[in-house]
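Novice: Here you go, one structure.
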Amino acid sequence: MTDGPYNADEIHLESSLGYYLSKARNVLVERMDRAVKPLGLTAQQIGVILMLSCNRAHTPYELSRAMSYDSGSMTRMLDRLENKGLIRRHRSAHDRRLMHLELTEEGRAGYPRMREISLTVANRFLRGFTKRDARQLEGLLARMLENAQELPARATA
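If you're matching positions, the sequence shown starts at 37 in this note's numbering and goes up one per residue.
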């Protein structure tokens, strides 16, 4: 017996929350990849640049956590962005083990275009939504993520 809005007798894969969240994320990433392809970037790379530009993360570890990426995948992505001249890595002056990230001049110069593309894709997904609808959806998703923080490492039936 579970306590929540879903009942095992009434839930169907194609109408479940997990299905819709997964499908929406996959389609969003695919559309973003298509939109940024002319820039020679991927949706995930744009995500890194946007996170760095708004100071949401300063280290590979912070980026990995914020974007739910494993450290190996993040390292490879940072390598590609560094090779493209969009980011720079440098060691912390206070702790040589710590690597800091920053946008290069080229990365900062490209940010407005990347942000514009991201907003265009997001607004296309939210076509027909009011600003209030969008804020409500954001709030509901934020609550879900907060609830996920409370889940035990191993859920039992």
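Cβ atoms here follow ideal geometry from the backbone N, Cα and C, with glycine treated the same way.
Using a Cβ-Cβ cutoff of less than 7 Å, which residues in the same chain neighbour A79 once the five nearest sequence positions on both sides are dropped?
Specialist: Residue numbering aside, residue 79 sits at position 43 when the sequence shown is read from its first letter. These residues qualify, in order along the chain: V65, M68, D69, V72.
Novice: Would you call L24 buried or exposed, if buried means 16 or more other Cβ atoms sit within 10 Å of its Cβ?
Specialist: Lying outside 37 to 193, the shown extent of the chain, residue 24 is not represented and no answer is given.
Novice: Give me the Cα-Cα distance between M37 and L53, rounded to the nearest whole angstrom.
Specialist: Your numbering for residue 37 matches position 1 in the sequence shown. Your numbering for residue 53 matches position 17 in the sequence shown. Since pLDDT at M37 reaches only 47, below the 50 mark, its modelled position is unreliable, and no value is offered.
Novice: Look up E138 in the DSSP assignment and give the residues it is bridged to.
Specialist: The sequence position of residue 138 within the sequence shown is 102, counting from 1. Note: E138 sits in a beta bridge opposite R124.
Novice: Over the uninterrupted alpha helix (DSSP H) stretch that includes K59, give me the two end residues.
Specialist: On the sequence shown, residue 59 is found 23 positions in, with the first residue counted as 1. Taken as a continuous stretch (DSSP letters only), the alpha helix (DSSP H) holding K59 covers 53 to 72.
Novice: If you draw a straight line from the alpha carbon of M135 to that of E182, how long is it in whole angstroms?
Specialist: Numbered from 1 along the sequence shown, position 99 holds the residue referred to as residue 135. Numbered from 1 along the sequence shown, position 146 holds the residue referred to as residue 182. For M135 and E182, the distance between alpha carbons rounds to 29 Å.
Novice: Roughly how many angstroms lie between the CA atoms of L114 and T95, to the nearest whole one?
Specialist: Position 78 of the sequence shown holds residue 114. Position 59 of the sequence shown holds residue 95. Going by the C-alpha atoms only, they are around 11 Å apart.
Novice: Can you give me the start and stop residues for the alpha helix (DSSP H) that T111 sits inside?
Specialist: By 1-based counting over the sequence shown, the position of residue 111 is 75. Counting along the chain, the alpha helix (DSSP H) containing T111 begins and ends at 107 to 119.
Novice: Using a Cβ distance threshold of 8 Å, determine whether the stretch 163 to 174 contacts the stretch 136 to 154, with at least three qualifying pairs required.
Specialist: Judged by Cβ distances under 8 Å, the stretch 163 to 174 makes no contact with the stretch 136 to 154, as fewer than three pairs qualify.
Novice: Is the distance from the Cβ of L122 to the Cβ of I85 below 9 Å?
Specialist: The residue given as residue 122 occupies position 86 in the sequence shown. The residue given as residue 85 occupies position 49 in the sequence shown. Against a cut-off of 9 Å, the Cβ pair of I85 and L122 comes out as a contact.
Novice: Measure the alpha-carbon distance for L194 versus D39 and round it to whole angstroms.
Specialist: Absent from the model: residue 194. The displayed extent of the chain is 37 to 193, so no value can be given.
Novice: With DSSP run on the structure shown, which of helix, strand or coil describes N91?
Specialist: Taking the first residue of the sequence shown as 1, we reach residue 91 at position 55. N91: coil per DSSP, three-state reduction.
Novice: Tell me which same chain residues have a C-beta within less than 7 Å of the C-beta of A102, skipping the five on either side of it?
Specialist: Mapped onto the sequence shown, residue 102 falls at position 66. Here the set comprises M87, R92, A93.
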